[in-house]
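One structure below.
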Amino acid sequence: MWSTRVLTWDGVLHGLRELMSGGVLLSGNTTSDTDPLQLALIQMYNRALNAREAARRLYEFSLRKSQENKVVITSKDVPHGILPQSYSDQFIHDVKVAGRGPDDKIYNRNEDIRQMISRGTTLMSWKDSNNEDILDTVLYANKKFTGGVGDEDETQPENAQVWRSYCLADPDSADKVVAMEKINGEAAHFSVRSFEEQLFIIAGSKNVHMIMGSNDDVEKYIGDRYRIAKEIADAVLKLLDNMEHNKRQILFSLLYYTKSTVCCEILLPQNQHIVNLSYLKEPQIRMFAFTPTCKSDDEPESSFTALPPHLGLDLATALNLPCANYEIIPTHTVDNFIVQSRRKVQSEGHVLYFVKCENGEEHTIGLAKTKTEWYVILRALREKAVYCFTAGKKKHDWNLTERIKSTHKRLRELQEWLKFSDEVLSKWTKLSEEFMRWLNEEVNSGGEEAQQIRPMFPVIWERFCEATNQTTETNQPRLQTQLSFSYSSY
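Take the sequence shown: its letters are residues 3 to 492, numbered as in the numbering used here.
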């Protein structure tokens with residue numbers, strides 16, 4: 003149980019000014035009408051005042067869409083002994099779009115779902131000591147966004163313009179672009195609520211969340227459904243426990259008053275993606291954005307982020323929260339930035355936040371992801387390898403040569419999307435065949451386990467490169483220059 007006392011709202015603003023006094027992020031005047039961070043904080047505070055009405059609106063919308071088989075609501079009891087005994091009928095409702103696999107199809111075809119259902123939407127319901135039904139949106143994470151052709155991991159957009167339909171306003175009207183390093187981990191979120199003057203943490207993965215009043219509460223959630231959520235909860239609680247008391251008090255108070263969500267990724271050394279995380283000794287949380295709670299009216303949303311993205315990261319850094327790296331780039335240099343970003347190695351890429359400045363406020367009007375060639379190609383190779391040595395190998399007509407041909411076909415598809423040169427294609431065609439043949443020998447000899455290819459792929463790939471003296475640098479001069487995703491060209 004946390005003994006942290008909630009500050010007054012003025013105390014939160016004062017504490018933030020003290021923390022960030024070395025910069026120009028908060029003016030000394032609490033009524034400043036020119037400070038974009040302070041203006042955003044006040045807007046968050048005011049939005050939270052209508053939280054009950056907003057939660058009811060969101061829940062009713064989710065129910066309607068669930069009847070249309072477009073949204074799924076998974077309701078679970080809060081385990082006994084976590085919330086005060088004076089509360090009854092305690093439920094957590096995780097909301098997500100329906101269907102298995104990628105959610106692009108439903109989001110692409112339903113603007114209202116894009117607007118209302120974030121990728122991390124959780125409500126709680128309970129009866130209070132007066133037997134009154136209460137509903138609260140306890141987590142409301144990043145809204146769905148996309149990228150250009152080749153930037154999605156599973157399904158590709160129909161064309162290079164689709165990403166614009168996810169924006170709140172024309173990204174061409176942005177005054178600046180915040181390019182944030184894409185963290186190659188799993189989605190993670192947390193927020194804070196208070197029950198009978200005790201603070202509780204809500205944390206979890208993209209679609210599964212838990213509420214906890216102490217570290218011991220994590221183990222009260224039973225079943226495989228909570229496996230990843232519990233890992234995230236443990237990492238979040240450890241991060242919060244290790245914060246300095248005054249900084250934790252400011253963070254908890256800020257989240258309490260604004261009902262905003264801290265969006266993060268968790269890096270799991272035992273379950274890696276493409277970027278090698280073997281340097282980590284334990285799971286690590288990396289924060290990248292504060293997102294606002296849901297709206298109570300039908301007025302158009304003005305910003306995807308609760309705070310201007312760069313200022314939110316600066317605030318989190320002042321609180322000693324590990325954060326994503328970022329840089330601010332002029333809008334006229336975005337295309338060139340994308341070219342350079344695509345050529346990086348040991349990186350997933352960037353998320354571009356398009357920020358519009360108006361009347362002292364800075365709103366995130368659009369987001370777009372851009373992946374590196376290195377990441378996209380290696381992820382495709384991982385998927386081919388996983389299938390080849392697990393499900394594919396169970397078939398009676400399994401043939402390594404045919405699986406290699408299938409991999410080469412996939413590389414040619416990627417070239418069409420990403421427009422990399424024939425020289426790069428030739429290199430990866432050769433490299434992928436050598437890898438598949440090397441991995442086949444390793445699996446057959448017991449040097450590698452087929453079931454470990456997915457969770458430990460970066461480690462396996464590194465072993466292959468070391469064993470065969472390979473390099474995966476792919477930034478040779480290009481024979482083609484057309485971008486599959488371009489800020490200015492579409």
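A virtual CB, placed ideally from N, CA and C, is assigned to each residue, including glycine.
Spell out a yes or no on whether the stretch 291-306 and the stretch 53-70 are touching, meaning 3 or more CB-CB pairs, one atom from each, closer than 8 Å. Judged by Cβ distances under 8 Å, the stretch 291-306 makes contact with the stretch 53-70, as three or more pairs qualify.
According to the neighbour-count rule (16 or more other Cβ atoms, all chains shown, within 10 Å of its Cβ), is Y281 buried or exposed? An exposed status is given to Y281, since fewer than 16 other beta-carbon atoms sit within 10 Å of its beta-carbon.
Coil, strand or helix - R456 by DSSP: The answer is coil: DSSP assigns R456 none of H, G, I, E or B.
Is there a Cβ from chain D that is less than 8 Å from the Cβ of T335? Protein chain content of the structure displayed is limited to a single chain, and chain D is not contained in it.
At what residue ranges does the stretch 163-249 contain a whole run of the beta strand (DSSP E), taking only runs of 3 or more? Considered as a whole, the stretch 163-249 harbours 178-183, 188-197, 200-206, 211-214 as its complete beta strand (DSSP E) runs of no fewer than 3 residues, in chain order.
Between which two residues does the alpha helix (DSSP H) harbouring A326 extend? Segment: none, A326 is in no alpha helix (DSSP H) and carries neither H nor E.
Judging by CA-CA distance, which residue of P81, V179, L201 is the nearest neighbour of D337? For the residues P81, V179, L201, the minimum Cα distance to D337 belongs to V179.
In angstroms, rounded to a whole number, what distance separates the CA positions of E233 and N361? Each residue's Cα considered, the two are about 42 Å apart.
Less than 8 Å between the C-beta atoms of R116 and K145, yes or no? Result yes, Cβ atoms of R116 and K145 sit closer than 8 Å.
Return the bridge partner residues of E360 from the DSSP annotation. Bridge partners of E360: E363.
In its own chain, which residues sit with a C-beta less than 6 Å from the C-beta of I75, not counting the 5 before and 5 after it? Closer than 6 Å at Cβ, skipping near neighbours: S64, S68, H95, V97.
Would T260 and A308 qualify as a contact pair, given that the criterion is a beta-carbon distance under 8 Å? Judged by beta-carbon spacing, A308 lies within the 8 Å limit of T260, meaning their Cβ atoms are closer than that value.
Could you check which residue in C169, P271, L256 has the C-alpha nearest to that of I287? The shortest C-alpha separation from I287 is found at P271.
Going residue by residue through the stretch 245-303, where are the continuous beta strand (DSSP E) segments of at least 3 residues, counting only ones entirely within it? If only uninterrupted beta strand (DSSP E) runs of at least 3 residues are considered, those enclosed by the stretch 245-303 are 263-269, 286-293.
How would you label A291, buried or exposed, when you count the other beta carbons within 10 angstroms and need 16 or more for buried? It counts as buried.
How many Å lie between D155 and K129 at the Cα? Because D155 carries a pLDDT of 48, less than 50, the predicted location of this residue cannot be relied on, and the following value inherits that uncertainty. Looking at the backbone, the Cα of D155 and that of K129 are separated by about 42 Å.
Helix, strand or coil for I331, going by three-state DSSP, please let me know. In the three-state reduction of the DSSP assignment, I331 falls in the strand class.
How many whole angstroms separate the CB atoms of W440 and L413, which I take to be in contact at a CB cut-off of 8 Å? In this structure W440 is not in contact with L413, their Cβ atoms being roughly 17 Å apart against a cut-off of 8 Å.
Assign L481 to one of three DSSP states: helix, strand, or coil. Residue placement at L481 cannot be trusted, given a pLDDT of 35 that sits under 50; what the coordinates show is reported in the next sentence. DSSP places L481 outside both helix and strand once states are collapsed to three, so it counts as coil.
Leaving out the 5 sequence neighbours to the left and right, which residues in its chain are closer than 6 Å to N2 when beta-carbon positions are compared? In the structure displayed, the chain extends from 3 to 492; residue 2 sits before or after that span and is not available.
Near P250, which residues of its chain fall below 7 Å by C-beta distance, leaving aside the five closest residues on each side in sequence? Sequence inspection shows Arg at residue 250; the Pro mentioned does not correspond to that position. Within the same chain, T6, L242 come within 7 Å of R250 by CB-CB distance, once the 5 residues on both sides are set aside.
Tell me E126's beta-bridge partners as DSSP assigns them. The residue asked about is misnamed: residue 126 is Met in this sequence, not Glu. Residue pairing for M126: DSSP places it in a beta bridge opposite I94, D138.
Tell me whether the stretch 76-86 and the stretch 196-210 touch, counting them as touching only if at least three CB pairs, one residue from each stretch, are closer than 8 Å. With a cut-off of 8 Å, the stretch 196-210 and the stretch 76-86 count as touching, because enough Cβ pairs lie within range.
Whole-angstrom distance between L137 and E62, CA atom to CA atom: Each residue's alpha carbon lies about 11 Å from the other.
Burial state of L216, where buried means 16 or more other Cβ atoms lie within 10 Å: Per the sequence shown, residue 216 should be read as Ser rather than Leu. Exposed, because fewer than 16 other Cβ atoms sit within 10 Å of the Cβ of S216.
Residues in its own chain within less than 7 Å of D174 by CB, not counting five upstream and five downstream? The answer is none, since no qualifying residue turns up.
Would you call E70 buried or exposed, if buried means 16 or more other Cβ atoms sit within 10 Å of its Cβ? Looking at its Cβ environment, which holds fewer than 16 other Cβ atoms inside 10 Å, E70 is exposed.
Would you say the stretch 307-324 touches the stretch 363-381, given that touching needs at least three Cβ pairs under 8 Å? Yes, the stretch 307-324 touches the stretch 363-381.
Helix, strand or coil at S434 [DSSP, three-state]: DSSP, read as helix, strand or coil, puts S434 in helix.
Under 8 Å by Cβ, that's how I've got L21 and I252 pegged, so tell me the actual separation to the nearest angstrom. The pair is a contact, with the Cβ atoms about 7 Å apart (cut-off 8 Å).
Do P86 and F254 have their C-beta atoms within less than 8 Å of each other? No, the pair does not count as a contact, with Cβ atoms beyond the cut-off.
Between S305, Q454, L141, which lies nearest to T1 when the distance is taken from Cα to Cα? For the chain, the structure presents residues 3 to 492; residue 1 sits outside this window and is missing.
Under three-state DSSP, which class holds G83? Per DSSP, reduced to three states, the secondary structure at G83 is coil, with no helix or strand assignment.
Where E415 falls, given that 16 or more other Cβ within 10 Å makes a residue buried: Exposed.
Once the 5 residues before and after S343 are set aside, which same chain residues still bring their CB inside 7 Å of it? For S343, the CB contacts under 7 Å within the same chain, skipping 5 residues up- and downstream, are G351, H352, T372, T374 in chain order.
Pair within 8 Å by beta-carbon distance, A205 and V238: Pairing A205 with V238 gives a Cβ-Cβ distance under 8 Å.
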